[in-house]
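The sequence shown lines up with residues 16 to 838 when you count with the numbering used here.
No residue lacks a Cβ here, since even glycine has one placed at the ideal position from N, Cα and C.
Predicted model only: the values in this text are computed from it and were never measured.
Below: one structure, written as structure tokens.
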Amino acid sequence: MDTLLQDLRFAWRALARSPLFSAAALLVLALGTGASVAVFSVVNAVLLRPLPFEDPGRLVSVRSELPGLGLEDVGFSTPELDDLAQRSGVFDQVAAVWAVDSTLTGVDHPQRVLTAVVSPTYFRMLGARAQVGRLPGPEDATRGIADTVVLSDAAWRRLYGGAPDVLGKKLRMDNDVYTVIGVTPPDFRHPAPSSLGDVDMWATTEFRADPFPSPPQRRVRMLPTIVGRLRPDLTLAEAQAGLTTFAAAVRADNPSDYAPQARWTVRVVPLRDVVVGNVQTLLVLMLGAVGLVLAIACANLANLLLARASSRQREIAVRLALGAAPRRLFRQLLTESLLLATLGGVAGVAVAAGTTRSLLALVPSRLPRVHEVGVDATVLAFSALIVLLTGVLFGSAPAVQAGRTDVVGHLKESGARGTSGPRQQRLRVAFGISQIALSLVLMSASGLLLRTLWGVLAVDSGIDSRGVLTARTWVAVPNDPANDRYRKVEARAALVREVLRRLREIPGVTEAAMTTALPISHMTTRAPLQIEGRPNEAEAATAEVVFASPGYFATFRIPVRRGRGILDSDQPGNMEVAVLDETAALRFFPGQDPIGRTLQLGRFGPQPPPPMTVVGVVGDVKYGRLDEPKAPHVYGSLFQHSGRGFGFAVRARADAGTLAGPLRAALEGADSELPVFSAQSMEERLAVSVSERRLSAGLVSLFAVVAVLMAAIGVYGVVAYSVAHRTREIGVRMALGATRAHVARLVLGEGMRIALAGIVVGTLAALAAGRALRSLLFQVRETDPLVFATAGVLLGAVALLAAYVPARRAARVDPLVSLHHGS
Numbered sequence: 016m017d018t019l020l021q022d023l024r025f026a027w028r029a030l031a032r033s034p035l036f037s038a039a040a041l042l043v044l045a046l047g048t049g050a051s052v053a054v055f056s057v058v059n060a061v062l063l064r065p066l067p068f069e070d071p072g073r074l075v076s077v078r079s080e081l082p083g084l085g086l087e088d089v090g091f092s093t094p095e096l097d098d099l100a101q102r103s104g105v106f107d108q109v110a111a112v113w114a115v116d117s118t119l120t121g122v123d124h125p126q127r128v129l130t131a132v133v134s135p136t137y138f139r140m141l142g143a144r145a146q147v148g149r150l151p152g153p154e155d156a157t158r159g160i161a162d163t164v165v166l167s168d169a170a171w172r173r174l175y176g177g178a179p180d181v182l183g184k185k186l187r188m189d190n191d192v193y194t195v196i197g198v199t200p201p202d203f204r205h206p207a208p209s210s211l212g213d214v215d216m217w218a219t220t221e222f223r224a225d226p227f228p229s230p231p232q233r234r235v236r237m238l239p240t241i242v243g244r245l246r247p248d249l250t251l252a253e254a255q256a257g258l259t260t261f262a263a264a265v266r267a268d269n270p271s272d273y274a275p276q277a278r279w280t281v282r283v284v285p286l287r288d289v290v291v292g293n294v295q296t297l298l299v300l301m302l303g304a305v306g307l308v309l310a311i312a313c314a315n316l317a318n319l320l321l322a323r324a325s326s327r328q329r330e331i332a333v334r335l336a337l338g339a340a341p342r343r344l345f346r347q348l349l350t351e352s353l354l355l356a357t358l359g360g361v362a363g364v365a366v367a368a369g370t371t372r373s374l375l376a377l378v379p380s381r382l383p384r385v386h387e388v389g390v391d392a393t394v395l396a397f398s399a400l401i402v403l404l405t406g407v408l409f410g411s412a413p414a415v416q417a418g419r420t421d422v423v424g425h426l427k428e429s430g431a432r433g434t435s436g437p438r439q440q441r442l443r444v445a446f447g448i449s450q451i452a453l454s455l456v457l458m459s460a461s462g463l464l465l466r467t468l469w470g471v472l473a474v475d476s477g478i479d480s481r482g483v484l485t486a487r488t489w490v491a492v493p494n495d496p497a498n499d500r501y502r503k504v505e506a507r508a509a510l511v512r513e514v515l516r517r518l519r520e521i522p523g524v525t526e527a528a529m530t531t532a533l534p535i536s537h538m539t540t541r542a543p544l545q546i547e548g549r550p551n552e553a554e555a556a557t558a559e560v561v562f563a564s565p566g567y568f569a570t571f572r573i574p575v576r577r578g579r580g581i582l583d584s585d586q587p588g589n590m591e592v593a594v595l596d597e598t599a600a601l602r603f604f605p606g607q608d609p610i611g612r613t614l615q616l617g618r619f620g621p622q623p624p625p626p627m628t629v630v631g632v633v634g635d636v637k638y639g640r641l642d643e644p645k646a647p648h649v650y651g652s653l654f655q656h657s658g659r660g661f662g663f664a665v666r667a668r669a670d671a672g673t674l675a676g677p678l679r680a681a682l683e684g685a686d687s688e689l690p691v692f693s694a695q696s697m698e699e700r701l702a703v704s705v706s707e708r709r710l711s712a713g714l715v716s717l718f719a720v721v722a723v724l725m726a727a728i729g730v731y732g733v734v735a736y737s738v739a740h741r742t743r744e745i746g747v748r749m750a751l752g753a754t755r756a757h758v759a760r761l762v763l764g765e766g767m768r769i770a771l772a773g774i775v776v777g778t779l780a781a782l783a784a785g786r787a788l789r790s791l792l793f794q795v796r797e798t799d800p801l802v803f804a805t806a807g808v809l810l811g812a813v814a815l816l817a818a819y820v821p822a823r824r825a826a827r828v829d830p831l832v833s834l835h836h837g838s
């Protein structure tokens, strides 16, 4: 212990004697470590930390699929939920979740709230506890929706200011009165993809009475999500095998409800994978990029320490001559490095704590589990590991070299200036090559992601987004159908007509439309199609279904290629109409004129819908991500088919920001209980849709720029140090007739050899790393030659510039002065 304290005191004094060096090293370490810890804190919260539920490894999402029709997540019926709970033999508990928009009234303006209608087993299965009041359980089971609700912590604070007397409060939601019986803790979130949004309220039901079909019907799949807890003696693979057998038995027992060609089955997915979504590759990429930057910083610091060690070689030689053991000297110098790394790590954690929120402001709003990001024990342990690794990485080489000091040679030197041996110079060159190589990996990744982003932005969305403002609304669904003013499609059609009339009367609005799914909304419904003259075989057609009002295609400037669009005359009771996009027309009617042909949508309710006659063909529109493959779309009249959730859009000459108030007034004028939410310009929607790609390309590009700058500093340091220790040699060369240009080329050649070696090594590493990026790329190969060539040329140019300054200095050496000082 005394020896360790002595080493620490000596290390502290050594760092204090070189304040400029120490400050520069601490700055590099603080920034590198801070960036690494900040990114890791996000990765830890999103990917590594278990879900905040009881025994989360046994929780799974249960999915209903029709692989014969190419359909996933088709939902469950209540009888299928019963079968899973009672017949499958796989689960301890299962709970259905029906997350829907609801309208909260009795406040200044109607508000949209996201309500999760769940099975009574839901909270107990997740192991949740109430913050205030209680949470419902199986004893609260009701056939219809219970008249009690549980609030989220956020909704409690937003609606009641966090008042402790919230229990027993009444609220009106979708024209039904509910009583508050509990509040969930702040860290409780419904385990769903973040794109769904945070649930505001929970209500329970057995899904057996209004507003659900009564009696339950096996073909009516209204339950979109089921969460299950596996039996403790089953692995995920065993559970999946059991469910495959179970699904086959259910099909055999109910042949009239399951078409053989659809091959209905059930699949389980770990609940964590559902919550995390597809951000895992993005976050691992960010962590890898910042790790490469930290590695380059360590290489730079190793070079600095090597240079510092050469200036201390006389001091080290004296200590060795006085009897210091090489092992003791190695430990002392490594202690200096570890002390420096520790100080930099502490500063880095402070930087991370101060910048993590800024980092979160850059990430897409759909990133899951953002509320869990913070510095916890795992993050601190990671910080400690970073400190240890960086200290060893940049401190080992100088410490080893110090133990190999030529004692006699350095004691004979008259001056204190150190010299650099061949081994030390080779190490410095190796560090320079590694910095170039790592920088090229980052530059190549940056180039691939930037080309991907440009490719995505170049995709034609199929609409003209300029001047279009969009928003959503929700038409209330009372639990008792007798109180539902909009139960019939005719009433909903009348509401749509009235809303459109008021929207079109807003000053500055030139066009207005309503729809069940706005472009780039991910809200279309995928359904099987029965096409005239074609049996519903295993390769049956499926399409994304959108219901739209008259004026929809004009509002978004979607071109009508053939026939017509949706008209005011497409009313309930008239011929059901369908408009296909070009992809659907080509896929379903290849080489034929689809106008006048008929098709029928899959069953959405107890009765199959009537046939639809194709009246037009329009241009393709993106309703999901811009980089998704083209999918066929079928449009129907919003007057003839509609649900309860509507998107609406207006094209206006006025600034979109001035229309929010008039839009709300127009909807509340048509029905005072219509909420307005998710108001955005269409251009904002498009920007949000590519936000994850912008983030990945932007951050990796930023890291690449930092890496290139540090690599340039590294090349400059190696070449400049070489010039400083070859001054006598350069003087001799010039005395023997070498020109300044020859000397400059000699020095530049040394820098370019380092760069070329780094580029070769880096290209090989980047080719391997490119495979990890494959899932993030779009319209560009991971081996794109343009990207790799550009990265190599840019790095070569940067290295040339970095070597130019010491080369110019070498060319100006005065032979007489250099020979005099070298003698």
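Query	Result
As a quick exercise: from PRO690, PRO587, TYR273 and LEU678, pick the residue whose alpha carbon is nearest that of PHE654.	PRO587
Is the distance from the Cβ of VAL9 to the Cβ of THR467 below 7 Å?	Nothing can be reported for residue 9, as the shown portion of the chain is limited to 16 through 838.
Relative to the C-alpha of ALA727, which candidate in ALA694, ILE769, LEU714 and LEU701 has its C-alpha closest?	ILE769
What do you get for GLU591, buried or exposed, if any count of 16 or more other CB atoms within 10 angstroms of its CB means buried?	buried
Answer yes or no: do LEU457 and ALA681 have a C-beta to C-beta separation smaller than 7 Å?	no
Tell me the rounded alpha-carbon separation between VAL181 and THR259.	46 Å
So, LEU463 versus LEU674, is the Cβ gap smaller than 7 Å?	no
Does ARG640 come out as helix, strand or coil in the three-state DSSP assignment?	coil
Within 8 Å, do at least three Cβ pairs link the segment 633-645 to the segment 474-494?	yes
Taking Cβ to Cβ, would you say ARG679 is nearer than 7 Å to GLY482?	no
Is the beta carbon of VAL361 sitting closer than 7 Å to the one on SER56?	no
Indicate the three-state DSSP secondary structure (helix, strand or coil) for HIS757 in the structure shown.	helix
Here's a check: name, in chain order, each residue in its chain whose Cβ is nearer than 8 Å to the Cβ of LEU809, leaving out the five neighbours to either side.	MET458 and VAL723
Suppose you measure from the CA of ARG432 to the CA of LEU319; what does that come to, to the nearest Å?	Because the pLDDT of ARG432 is 45, which lies under 50, any placement of that residue in the model is unreliable, and the number read from its coordinates should be weighed accordingly. About 16 Å.
Where VAL364 and VAL52 are concerned, what is the direct C-alpha to C-alpha distance, given to the nearest angstrom?	7 Å
Would GLN545 pass as a contact of GLN615 if the rule is Cβ separation under 7 Å?	yes
Tell me which residue opens and which closes the beta strand (DSSP E) that PRO543 is part of.	540-546
DSSP three-state label for PRO821, please.	helix
For the segment 200-215 against the segment 159-168, do three or more pairs of beta-carbon atoms, one drawn from each stretch, fall closer than 8 Å, so that the two count as touching?	yes
Any idea if ALA818 is buried or exposed, counting beta-carbon neighbours within 10 angstroms, 16 or more meaning buried?	buried
For the alpha helix (DSSP H) containing VAL283, name the first residue and the last one.	Segment 280-285 is the beta strand (DSSP E) holding VAL283; no alpha helix (DSSP H) there.
Give the secondary structure of ASP900 by DSSP, where H, G and I count as helix, E and B as strand, and everything else as coil.	The chain is shown from 16 up to 838; residue 900 falls before or after that span and cannot be answered.
Just to confirm my understanding: we take VAL423, look at its own chain, exclude 5 residues before and 5 after, and list those with CB closer than 7 Å. What are they?	Confidence at VAL423 is low in this model, with a pLDDT of 47, below 50, so the placement of that residue is unreliable and no value is reported for it.
Taking 7 Å as the limit between beta carbons, can you name the residues of its chain near ASP288, skipping five residues before and five after?	none
With 16 as the cutoff for other CB atoms within 10 Å, does THR250 come out buried or exposed?	exposed
Which residues bound the alpha helix (DSSP H) around THR598?	597-603
Looking only at its own chain, which residues have a Cβ that is under 6 Å from the Cβ of GLY811, when we skip the five neighbours before and after it?	ALA770
Check for me: the beta strand (DSSP E) holding GLY484 runs from which residue to which?	Just to set this straight, residue 484 is Leu in the shown sequence, not Gly. It spans 483-489 - the beta strand (DSSP E) in which LEU484 sits, taken as one unbroken run.
How would you call GLU643, buried or exposed, if buried means at least 16 neighbouring beta carbons within 10 angstroms?	exposed
Is the separation between the beta-carbon of HIS648 and that of GLU559 shorter than 7 Å?	yes
Assuming PRO157 is part of the beta strand (DSSP E), what are its boundary residues?	Residue identity check: residue 157 is Thr in the sequence provided, not Pro. Careful: THR157 lies outside any beta strand (DSSP E) and carries neither H nor E.
Starting from ASP168, follow the alpha helix (DSSP H) in both directions and report where the run begins and ends.	168-175
The beta strand (DSSP E) with VAL511 in it runs from where to where?	Run containing VAL511: none in the beta strand (DSSP E); it sits in the alpha helix (DSSP H), 504-519.
State the beta-bridge partners of THR120 as determined by DSSP.	ARG187
Measure the alpha-carbon distance for PRO522 versus GLU688 and round it to whole angstroms.	23 Å
Is the segment 72-81 close to the segment 236-243, with three or more CB pairs under 8 Å?	yes
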